[in-house]
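Chemist:
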Amino acid sequence: MRFFDSLARNLIRVGGIGTIVAVSTVFVFLVWVVAPLFRSAGLGELRPIGTAATQLAADERVIAASEDDTLTTVWAYTSSARFVVLPGGASSGRGASSGQPGGELLGEFRPFPTAPTAYAFPVRSTQAVFGFADGTTRLVRAAASTEYRNAASMPRNVMQRSVGETFIFEGRVARRVSADQFELHTVQFVADEPIQVSEGAAIVAVDASETPTGPVEASVDADGILRVTRLTKSRNLLTGMERVETETGQIALRPSHSRGLPRWLLLHGGGNSAIAVWEDGRAVRVDVSDLESLKVAEEVDLSADAAAHLTQVAWLNGKNTLIVGDSNGNVKAWFRVPAPSMSTADGMHFLPAHNLGRGPASVTALGSSARTRSMAVGYGDGTLRLFNITSGNLLAEGRNASSRPLSIVSLAPNDDSLVAWDGEFVIAAVDAPHPEASLGALLRPVWYEGYRSPEHSWQSSSGTDEFEPKLGLWPLVFGTIKATFYSMLFGVPIALMAAIYTSEFLRPEVKSVVKPAIELMASLPSVVLGFLAALVFAPVVEGIVPQILAALVTVPFVLLLCAHLWQLFPQGLRSGMQGRRFVLSGVAIVLGLGAAMVVGPLLERWLFIGDVKLWLDGKAGEATGGWLLLTLPASVLASVVIGGRAERFERLLPGATGVQALLRFLLLSLVSVAAALLVAEGLSLAGLDLRGSLLGTYIQRNALIVGFVMGFAVVPIIYTIAEDALSSIPENLRAGSLALGATPWQTAVRIVVPTAMSGLFSAIMVGLGRAVGETMVVLMAAGNTPVLQWNVFNGFRTLSANIAVELPEAVRNSTHYRTLFLAALTLFVMTFFLNTAAELIRIRFRKRAYQL
Amino acid sequence: MATAHANMLSNGRGMMSDAATGKTSADAAVPASRSAADSLAAAARGERVATETHLALAAEEAAVEIDDFCLWYGASQALYDVSMVIPRGKVTALIGPSGCGKSTLLRSVNRLNDLVEGVRISGDMKLSGASIYDSSIDVIELRKRMGMVFQKPNPFPMSIYENVVYPLRIDGERDRRVLDEVCERSLRGAALWDEAKDRLTTSALGLSGGQQQRLCIARAIAADPEVLLMDEPCSALDPIATGRIEDLIEELKGEYTILIVTHNMQQASRTSDFTAFMYLGSLIEYGGTYEMFSRPHLKATEAYVSGRFG
Ligand SMILES: Nc1ncnc2c1ncn2[C@@H]1O[C@H](COP(=O)(O)OP(=O)(O)OP(=O)(O)O)[C@@H](O)[C@H]1O
Ligand SMILES: [Mg+2]
Numbered sequence: 001m002r003f004f005d006s007l008a009r010n011l012i013r014v015g016g017i018g019t020i021v022a023v024s025t026v027f028v029f030l031v032w033v034v035a036p037l038f039r040s041a042g043l044g045e046l047r048p049i050g051t052a053a054t055q056l057a058a059d060e061r062v063i064a065a066s067e068d069d070t071l072t073t074v075w076a077y078t079s080s081a082r083f084v085v086l087p088g089g090a091s092s093g094r095g096a097s098s099g100q101p102g103g104e105l106l107g108e109f110r111p112f113p114t115a116p117t118a119y120a121f122p123v124r125s126t127q128a129v130f131g132f133a134d135g136t137t138r139l140v141r142a143a144a145s146t147e148y149r150n151a152a153s154m155p156r157n158v159m160q161r162s163v164g165e166t167f168i169f170e171g172r173v174a175r176r177v178s179a180d181q182f183e184l185h186t187v188q189f190v191a192d193e194p195i196q197v198s199e200g201a202a203i204v205a206v207d208a209s210e211t212p213t214g215p216v217e218a219s220v221d222a223d224g225i226l227r228v229t230r231l232t233k234s235r236n237l238l239t240g241m242e243r244v245e246t247e248t249g250q251i252a253l254r255p256s257h258s259r260g261l262p263r264w265l266l267l268h269g270g271g272n273s274a275i276a277v278w279e280d281g282r283a284v285r286v287d288v289s290d291l292e293s294l295k296v297a298e299e300v301d302l303s304a305d306a307a308a309h310l311t312q313v314a315w316l317n318g319k320n321t322l323i324v325g326d327s328n329g330n331v332k333a334w335f336r337v338p339a340p341s342m343s344t345a346d347g348m349h350f351l352p353a354h355n356l357g358r359g360p361a362s363v364t365a366l367g368s369s370a371r372t373r374s375m376a377v378g379y380g381d382g383t384l385r386l387f388n389i390t391s392g393n394l395l396a397e398g399r400n401a402s403s404r405p406l407s408i409v410s411l412a413p414n415d416d417s418l419v420a421w422d423g424e425f426v427i428a429a430v431d432a433p434h435p436e437a438s439l440g441a442l443l444r445p446v447w448y449e450g451y452r453s454p455e456h457s458w459q460s461s462s463g464t465d466e467f468e469p470k471l472g473l474w475p476l477v478f479g480t481i482k483a484t485f486y487s488m489l490f491g492v493p494i495a496l497m498a499a500i501y502t503s504e505f506l507r508p509e510v511k512s513v514v515k516p517a518i519e520l521m522a523s524l525p526s527v528v529l530g531f532l533a534a535l536v537f538a539p540v541v542e543g544i545v546p547q548i549l550a551a552l553v554t555v556p557f558v559l560l561l562c563a564h565l566w567q568l569f570p571q572g573l574r575s576g577m578q579g580r581r582f583v584l585s586g587v588a589i590v591l592g593l594g595a596a597m598v599v600g601p602l603l604e605r606w607l608f609i610g611d612v613k614l615w616l617d618g619k620a621g622e623a624t625g626g627w628l629l630l631t632l633p634a635s636v637l638a639s640v641v642i643g644g645r646a647e648r649f650e651r652l653l654p655g656a657t658g659v660q661a662l663l664r665f666l667l668l669s670l671v672s673v674a675a676a677l678l679v680a681e682g683l684s685l686a687g688l689d690l691r692g693s694l695l696g697t698y699i700q701r702n703a704l705i706v707g708f709v710m711g712f713a714v715v716p717i718i719y720t721i722a723e724d725a726l727s728s729i730p731e732n733l734r735a736g737s738l739a740l741g742a743t744p745w746q747t748a749v750r751i752v753v754p755t756a757m758s759g760l761f762s763a764i765m766v767g768l769g770r771a772v773g774e775t776m777v778v779l780m781a782a783g784n785t786p787v788l789q790w791n792v793f794n795g796f797r798t799l800s801a802n803i804a805v806e807l808p809e810a811v812r813n814s815t816h817y818r819t820l821f822l823a824a825l826t827l828f829v830m831t832f833f834l835n836t837a838a839e840l841i842r843i844r845f846r847k848r849a850y851q852l
Numbered sequence: 001m002a003t004a005h006a007n008m009l010s011n012g013r014g015m016m017s018d019a020a021t022g023k024t025s026a027d028a029a030v031p032a033s034r035s036a037a038d039s040l041a042a043a044a045r046g047e048r049v050a051t052e053t054h055l056a057l058a059a060e061e062a063a064v065e066i067d068d069f070c071l072w073y074g075a076s077q078a079l080y081d082v083s084m085v086i087p088r089g090k091v092t093a094l095i096g097p098s099g100c101g102k103s104t105l106l107r108s109v110n111r112l113n114d115l116v117e118g119v120r121i122s123g124d125m126k127l128s129g130a131s132i133y134d135s136s137i138d139v140i141e142l143r144k145r146m147g148m149v150f151q152k153p154n155p156f157p158m159s160i161y162e163n164v165v166y167p168l169r170i171d172g173e174r175d176r177r178v179l180d181e182v183c184e185r186s187l188r189g190a191a192l193w194d195e196a197k198d199r200l201t202t203s204a205l206g207l208s209g210g211q212q213q214r215l216c217i218a219r220a221i222a223a224d225p226e227v228l229l230m231d232e233p234c235s236a237l238d239p240i241a242t243g244r245i246e247d248l249i250e251e252l253k254g255e256y257t258i259l260i261v262t263h264n265m266q267q268a269s270r271t272s273d274f275t276a277f278m279y280l281g282s283l284i285e286y287g288g289t290y291e292m293f294s295r296p297h298l299k300a301t302e303a304y305v306s307g308r309f310g
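The listed protein sequences derive, respectively, from chains X and B.
Heads up: the first sequence is residues 1 to 852, going by the working numbering.
Heads up: the second sequence is residues 1 to 310, going by the working numbering.
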């Protein structure tokens, strides 16, 4: 016996500790996955690769540079109109450590016979565009290739290289991949045929964008003419020949710009808008969507302060956000948003959204990331800063040893390294895996590209890599709260009423059927519920919105009316039918629903201009009908309270009969409807409207549907626990109250419910926990649009549904992936706090019941 | 649910009906020499046992009259043709062995048995001459005219104050002055005022068992009932608490008509004016307490009160 006792005790102890350990492990695991999101970014030391003397001529400047994605090579374009290729961070690092004279040129390309007069190196693009004095432009493509060689075909002297080592071999970067394989990297630059853009006038600024239909080029020539050329490549299916068709539009940049020619020309990513920027900050944005007629959309002043001039202008990844740096070190991000009143030609408006603050010296270089919304900024004193534009956060800061201006900074394709030029090439390791994540960006409104103002938004992915991920968690938290609120709004009253009714008023035989029946509801898999909600319930409800609104009124009314009529029957007949009360109330509910079917369309015609959905859109009709939804319950409640007081005086009158009660009920109903109408009309006249907050445009899958159906999932749980709590109230308490002349209803409300309060509260809390975490129903029936609206007739996206939808497609360890884990952690914390709070309140209730 | 049995014998408000008086006299005429075994054996066989009612009852004004009252729990009969008169302003004790139907009879008076599944009755009861089981009667109003104290103290889980004024609360009384007054009067009436007056707002569950029972009495008399029904009010209490409750019953006598069930013969003899002896659902003998304990008409009663069986 003693043995079993201690066995049981130990098992329980192990189980308890095990549970705590399991829960903590889950928590720790979630935190462990999430934590890297908030780790600050790292920027390695800026160290030179090789010596400049061996690489470039004395007066040769670097105009553009970039590292390849494996960091084995760096290419640069210089003022001598040539491309040079050097060993990259990976190779030179190794080379240096193994005594290699790293940094020598691996190759050189001179694709043009004459030096270009203008150039552009678009972000993410594998091609650069050049303009020439003769009015032509040419595209130049960088082609990287890798060749694999067997060890057998390599000379003996490289065989002593260890696996993974990088070295220079025959003017190429070579790496020993395995014992018997080497790879050789080659970069080449190939120029396209020149395109004659301008007749004779030199090109002073160019840009190019790649659009789905083909490249688009923009250029400004020495006469101040802006031209946009769309190249459409088509391949002849029979001959296999590629034909390039060009289509060009042009506009003269206003001669009133006596300041001369623009310094920069920037073509938007979509190729539908171009911006010419002067050094003094003046910018002209031209709508180029219609090549037949280019129009100046607007003129803006990009300068941050009058004493400075612009030094650097560059697109952020995606070519929609313009980063502008000036001689005082200010950096700002500008983008287009829809103009409030279509005041510009293309209905867009260019405005400064992010101010990245003032640097220590003038901005000398901008290098945008090809995968994120990050931007490396080089300053005149050799300082280097890494920003995330979406969040506006400074991620990391570094400095070169020489303090010379950084005239080029360029992030490697994977954001894991950067190459800069300050008279010689320098590279630095970059560690910024989650630049867009910060507590502020995840929880506060963020000013996303193209939005008019900072907003909460969740949109984690899209078709293109240039998309700006919007990882605001608040819409999801809000969706969770909304789902919970509406399902509890439907579920709790029904479940509690049902529990009170079964425990206090139902005969045991009926109860023994009803209770298991309701509990059976819980066995419905929530995926089935969700499926029914989305595919059956939602379309049906959509067709009968007015009837449903009417039912909220008619069902209780008819039920009460029937109860009053019932009192008019002779006592004998009534006691004979006692047992069938349950059935009778069912009949009354059906009658109420029938009444709703009749009243619904009438209400629609009267209050909702004959079409509820049109009314909900908010464009037509008065607000009265919407207010009624709030004022009617309020006035009914008020009249019940006032009626309850009146009842006391009525008792003094002898012979209060059923007829009187019925008349009083009808009078009260009439009065409350009239009062509700009056208040609603008043609110409506005062110009207040529920549409836009609690009500709004009807979406088929909405909170109402979820509320109803999730109620189905939540009701059995709440019901079961609540019913048990009520039934466990000792019978002698009930008898005591009844013996004092309390009605069963008074006994239930005044004695049984307060005594069972802690149990009822746990019931609600368990239901709440279920509603917060419920996934399938909301996933299928909530529409999953992460909008921030209380509107009952609109959908939402919950944390749980979001995790279910997006986790399978999230790239492991990406920012998106970790943010989803953060969503899971948030959900965990929410339920944890809910349960803890519930437990505390429950204990308080229990204490109060015994101590008061 | 209970089927009301309409017995239209209501005349003479608060007065004993002629029929009842006549029967009482007739019963009294039965010779007192019936052997103990006779009536008990008859009761055991389920036969109708004529109640031996003492003449002393005839002089009393009736608060509650019970006429040929039978009660069935489903198929099993628990009360057999009980007829008795409960005198106004007096204490009447119900005694008898366990399971003889004392509680059932008591709960029938305020129709608390209505709540039990499958209860049927026949016969009638009258409160101050008006039928209790008539179909037109409002049970709620009826119960308000009676107070009931249960075997186990059952204070509600609220403050002492709220417990006492509960009967007024359910009538919708909100006037603080009225409530305060009733609370004090009832607690004084139940001899609990001095102990409870400083802790009226604390939970009633913090009181001792005896105090709780007195609180239940205070609650029962708060609405000024005509009849007080007590079902073994002292069986869960210690002797001192029992003594206090007995003193209380003594004080309440006169103001209230009290019907008390007890297993304690001393208690019955100490506190009550009249005693009714029940056996297996039948009322065997009913008379003045002194008579019943010292000179019972029936041997069965004598045997029971002297502790020789039961
Ligand atoms: N709710 C009920 N359902 C069915 N039978 C019942 C019920 N209550 C009591 N009885 C039966 O009715 C009979 C009388 O019971 P009752 O409780 O009235 O006895 P009692 O005299 O009060 O006994 P005690 O002195 O033990 O309290 C008993 O046989 C009992 O089993
Ligand atoms: Mg009993």
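Every residue gets a Cβ at the ideal spot worked out from N, C-alpha and C, and that includes glycine.
Quick check: does the Cβ of K102(B) come within less than 6 Å of any heavy atom belonging to ligand 1?
Modeler: Within the cutoff, so yes.
Chemist: Under the rule that 16 or more other beta-carbon atoms within 10 Å means buried, what is N355(X), buried or exposed?
Modeler: Counting Cβ neighbours within 10 Å, N355(X) comes out exposed, since fewer than 16 surround it.
Chemist: Using beta carbons (cut-off 7 Å, strictly below), is G144(B) in contact with chain X?
Modeler: The amino acid occupying residue 144(B) in the given sequence is Lys; Gly does not appear at that position. So, interface residue.
Chemist: Which residues of the region 745-779 of chain X have a Cβ closer than 8 Å to any Cβ of chain B? Give them in chain order.
Modeler: Hits within the stretch, in order: Q746, R750, I751, P754 and T755.
Chemist: Spell out whether any CB of chain B is found under 7 Å from the CB atom of A739(X).
Modeler: Closer than 7 Å to some Cβ of chain B, the Cβ of A739(X) qualifies, so yes.
Chemist: Out of I203(X), P413(X) and V492(X), point me to the one whose CA is closest to P262(X)'s CA.
Modeler: Nearest of I203(X), P413(X) and V492(X) to P262(X), Cα basis: I203(X).
Chemist: Name the two residues that bound the continuous beta strand (DSSP E) containing E65(B).
Modeler: That run of the beta strand (DSSP E) goes A62 to Y73.
Chemist: Let me know the secondary structure DSSP gives I63(X) once reduced to three states.
Modeler: Of the three classes helix, strand and coil, the one that applies to I63(X) here is strand, per DSSP.
Chemist: For Q700(X) and P539(X), which I take to be in contact (beta-carbon distance under 8 Å), what is that distance rounded to the nearest angstrom?
Modeler: With a Cβ gap of about 7 Å, Q700(X) and P539(X) count as contacting.
Chemist: Helix, strand or coil, according to DSSP, for M125(B) in the structure here?
Modeler: Reduced to three states, the DSSP call for M125(B) is strand.
Chemist: Tell me, please, whether the CB atom of L112(B) is closer than 7 Å to any CB atom in chain X?
Modeler: For L112(B), the answer is yes, since a Cβ of chain X falls inside 7 Å of its Cβ.
Chemist: Does L733(X) come within less than 7 Å of chain B when only Cβ atoms are used?
Modeler: L733(X) counts as touching chain B.
Chemist: If we ignore side chains and look at the alpha-carbon of each, how far apart do F866(X) and W627(X) end up?
Modeler: The question about residue 866(X) has no answer, for chain X in this structure spans 1 to 852.
Chemist: Counting only beta-carbon separations shorter than 7 Å, does I221(B) have a partner in chain X?
Modeler: Not an interface residue.
Chemist: On the three-pair Cβ rule with 8 Å, is the region 143-158 of chain X touching the region 108-119 of chain X?
Modeler: Short answer: they don't touch.
Chemist: Measuring only the C-alpha atoms, how far is A661(X) from P445(X)?
Modeler: Their backbone Cα atoms lie some 56 Å apart in a straight line.
Chemist: Sorted by chain position, which residues of the same chain lie with C-beta nearer than 7 Å to I66(B)'s C-beta, five sequence neighbours on each side aside?
Modeler: Excluding positions up to five away in sequence, the list reads V82, S83, M84 and M125.
Chemist: Any beta carbon of chain B sitting closer than 7 Å to that of T484(X)?
Modeler: By this cut-off, T484(X) is not an interface position.
Chemist: Just to confirm the assignment, what range does the alpha helix (DSSP H) spanning M776(X) have?
Modeler: Note, M776(X): alpha helix (DSSP H), M776 to A781.
Chemist: Are three or more beta carbon pairs between the region 561-572 of chain X and the region 499-518 of chain X nearer than 8 Å?
Modeler: At 8 Å Cβ cutoff, the stretches do not touch.
Chemist: If you follow the beta strand (DSSP E) that D431(X) is in, where does it begin and where does it stop?
Modeler: It spans F425 to D431 - the beta strand (DSSP E) in which D431(X) sits, taken as one unbroken run.
Chemist: From which residue to which residue does the beta strand (DSSP E) around M84(B) run?
Modeler: Here the beta strand (DSSP E) through M84(B) covers S76 to P87.
Chemist: Kindly give me the distance between the Cβ atoms of R214(B) and A191(B), rounded to whole angstroms, as I take these residues to be in contact under 8 Å.
Modeler: The pair is a contact, with the Cβ atoms about 6 Å apart (cut-off 8 Å).
Chemist: Return no unless some Cβ of chain B is closer than 7 Å to the Cβ of A638(X).
Modeler: Answer no: the Cβ-Cβ gap between A638(X) and chain B never drops below 7 Å.
Chemist: Report yes or no: is there a C-beta of chain X within less than 7 Å of the C-beta of M125(B)?
Modeler: It does not; no Cβ of chain X falls within 7 Å.
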